[in-house]
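Visitor: Please see the structure below; I have some questions.
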Amino acid sequence: MALGEPTHLVGSKSTRLSLLLQIVPVVVVLFTCSAASASMCGCEHRYALLMNLYTATNGAGWYNKAGWNSANCSTDWFGVTCSGADVTSVVLNENNLVGTLPASWWNMTNLQVLTLYLNTLAGSLPPQWSNMSGLQELYLYNNKITGTLPAAWGSMKQLQRIELEINLFSGTLPTEWSSMTALRTLAVYLNKLTGTLPSSYSTMTDMENLQLYFNTLTGTLPDSWSSMTRLQLLLLNSNNLSGTLPSLWSNMPSLQQLRLDDNSFTGTLPATWQSWSGMMYISLRGNSLNGTIPASWSTMTVLSYLYLSYNSFSGSLPSSWSNMIAMQNLNLQSNSLSGSLPSSWSSMTALQTLYLSINRFTGSLPSSWSSMTLMVDLDASVNSLSGTLPASWQSMT
C-alpha cells in the first residue's frame, strides 16, 4: 500500500475495519464528557432510580463508585450532577458497567446528558426512555447493545447528539426519528443495520454530522436530504447502497467530508457538485461509476483528498483541475481514463500522493510537474506512457 492512500477495502468485514481505523484521515466528532460529581442535596428523590442503574450494571464492580448509595446528601456521587433539584447529567464512561439499561429511567425527565460509552452494556435500548423529554446528549458507543432502534424515541425532541456506534444493533433506521429535528449528530456506524435511508430525515435540518458507515443499508440516496443545509460530515461508505449520485445534493453548502466508497453506485459524477466550495474530502472509490471527470469540479479549490479509484471513468484529465491548489491526495487508479497528463497540473504544488496507475494514458511525463516538490508517491504504472524521466524531476526530492 502506498503512503497516504486509503486502501480499497476488500475482504472480511473485520479486515476492512482494521484497515479503516488505520488509514481514514477524516475527523470523526466524538463528544466526550469528563466524569463529574456534585452534592446530591435536592436530588434525594432520584436515589432509587440511580441505584436501579447501579444494580443493573453490577455497580459493585465499577472502577469508581465513590459516594453511591450514601444517605448523606452532601456526599458526592461519582459521575452524577445534581442541579436545580434534579439529576441533569450522568457520566460513567469507561467505568466497567456490565449489564443492561434500566427501563425505569424513563422517569429521569430532566436528565440532559447520559454518557455510558466504552463499557460492557448489553440488552436492548428501552423504548420507555422516550419519556426522557429533557435528554439532549446520549453517548452509548462501544458497548454490546443489541436489538433495534426504538421508534418511540422519535418523541425525544430535545436530543441533539446520539452516538450508538460500535454496538450490535439490527433492524432499520426508524422513520419516526425524523421528528428529532434538533439532532446535530447521529452516529450509528459499525452495527448491523439494514433497510433504506429514510427520505423523511430531510426534516433534520440542523444535522451536522451523520455517520452510518459499515452497516448493510440498501436502496438509493434520497434527493430530499438536500434540505440538510448544515450537514458537514456524511459517511455512508461500506454499505450496499445503489443508484445514482443526486445532483440536488449540490444544495448542501456546508458539506466538507463525503464518503460513499465501497457501495454499488452507478451513473456519472454530478457536475452540480462544483458548488461545494468548502468540500475538503470526497471518496467514491469502489463503485460502478462511469462517464467523464467533470472539469467544473475545479471550483472546489479547498478539496484536499479525492478518491475515485476502482470505477469505470473514461475520458481525459481536465486541465482546469490545476485550480485545485489544495489537493494533497488524488487517486484515479483502476479506471479507463486516457489522453495525456496535463502539464497545467504543475500548479498543484500541495500534492503528496498521485495515483494514475491501471488506466490508458499516453504521451510523456510533463517536465513541468517538477514544481510538485512535496510529492511523496507518484504511481503512473500500467499505462501507455512513453519517453524518459524528465531531468527537471530531480527537484522532487
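Note that my numbering has the sequence shown beginning at 54, numbered continuously upward.
C-beta: ideal position from N, C-alpha, C; glycine also.
All figures in this text were calculated on a predicted structure; none of them were measured in a lab.
1. DSSP state of GLN310, grouped into three classes?
2. Let me know the beta strand (DSSP E) ranges lying completely inside the stretch 371 to 412, each 3 residues or longer, listed in chain order.
3. Which word fits ARG413, buried or exposed, when buried means at least 16 other C-beta atoms lie within 10 angstroms of its C-beta?
4. With 16 other CB atoms within 10 Å as the buried threshold, where does TYR116 fall?
5. Helix, strand or coil for GLU58? Go by DSSP, reduced to three states.
6. Would you identify the three-state DSSP class for SER142, choosing helix, strand or coil?
7. Assign ASP315 to one of three DSSP states: helix, strand, or coil.
8. Determine the direct distance from the alpha carbon of GLN309 to that of GLY440, and round the result to whole angstroms.
9. Out of curiosity, what's the CA-to-CA distance linking ILE335 and ALA204?
10. Does the Cβ of SER410 have 16 or more other Cβ atoms within 10 Å, making it buried, or fewer, making it exposed?
11. Start and end of the alpha helix (DSSP H) containing LEU431?
12. Is the beta carbon of MET425 sitting closer than 9 Å to the one on LEU442?
13. Looking at THR110: is its Cβ nearer than 9 Å to the Cβ of LEU174?
14. Which residue from ASN149, VAL151 and VAL143 puts its Cα closest to that of THR162?
15. With LEU342 as the anchor, note down where its beta strand (DSSP E) starts and where it stops.
16. Once DSSP output is grouped into helix, strand and coil, what is the label at SER357?
17. Among the candidates MET401, TYR363 and ASN388, whose CA atom is the shortest distance from the CA of SER372?
18. For the beta strand (DSSP E) containing SER262, name the first residue and the last one.
19. Apart from the five residues on each side of it in sequence, which residues of its chain come closer than 8 Å, Cβ to Cβ, to LEU294?
20. How many whole angstroms separate the CB atoms of LEU265 and LEU289, which I take to be in contact at a CB cut-off of 8 Å?
21. In angstroms with no decimal places, state the Cα-to-Cα distance between THR247 and SER423.
22. Could you check which residue in VAL435, THR225, LEU427 and SER396 has the C-alpha nearest to that of SER1?
23. Is the beta carbon of MET333 sitting closer than 9 Å to the one on TYR358?
24. Of all the beta strand (DSSP E) runs that stay within the bounds of the stretch 150 to 229, which reach a length of 3 or more residues?
25. When you compare each of GLN181, THR354 and THR199 to GLY152 by their alpha carbons, which one comes out closest?
26. Can you look up ALA324 in the DSSP assignment and give me helix, strand or coil?
27. So does the stretch 123 to 137 actually touch the stretch 175 to 185, counting three or more Cβ pairs closer than 8 Å?
28. Please state whether DSSP places THR108 in a helix, a strand or coil.
29. Going by beta-carbon coordinates alone, are LEU394 and LEU427 separated by less than 9 Å?
Guide: The structure says:
1. strand
2. 382 to 384, 389 to 392 and 406 to 408
3. Here ARG413 is exposed. Its C-beta has fewer than 16 other C-beta atoms within 10 Å.
4. exposed
5. Residue confidence for GLU58 is low, a pLDDT of 35 falling below 50, so the modelled location carries little weight; the figure read from the coordinates is stated next. In the structure shown, GLU58 sits in coil (DSSP, three-state: anything other than H, G, I, E or B).
6. strand
7. coil
8. 39 Å
9. 32 Å
10. buried
11. In the DSSP assignment, LEU431 falls outside any alpha helix (DSSP H) and within the unbroken beta strand (DSSP E) covering 430 to 432.
12. no
13. yes
14. Closest by C-alpha distance to THR162, out of ASN149, VAL151 and VAL143, is VAL143.
15. 341 to 344
16. Reduced to three states, the DSSP call for SER357 is coil.
17. Comparing C-alpha distances from SER372 to each of MET401, TYR363 and ASN388 shows the shortest one belongs to MET401.
18. It should be pointed out that residue 262 corresponds to Asn in this sequence rather than to Ser. Per DSSP, ASN262 belongs to the beta strand (DSSP E) from 262 to 264.
19. Closer than 8 Å at the Cβ level, and outside the excluded window around LEU294, lie LEU250, LEU270, THR271, GLY272, THR273, LEU274, LEU313, ASN316, SER317 and PHE318.
20. 6 Å
21. Roughly 49 Å separates the two Cα atoms.
22. Because the chain in this structure spans residues 54 to 450, residue 1 falls outside the shown range and cannot be described.
23. yes
24. 166 to 168, 190 to 192 and 214 to 216
25. THR199
26. helix
27. no
28. helix
29. no
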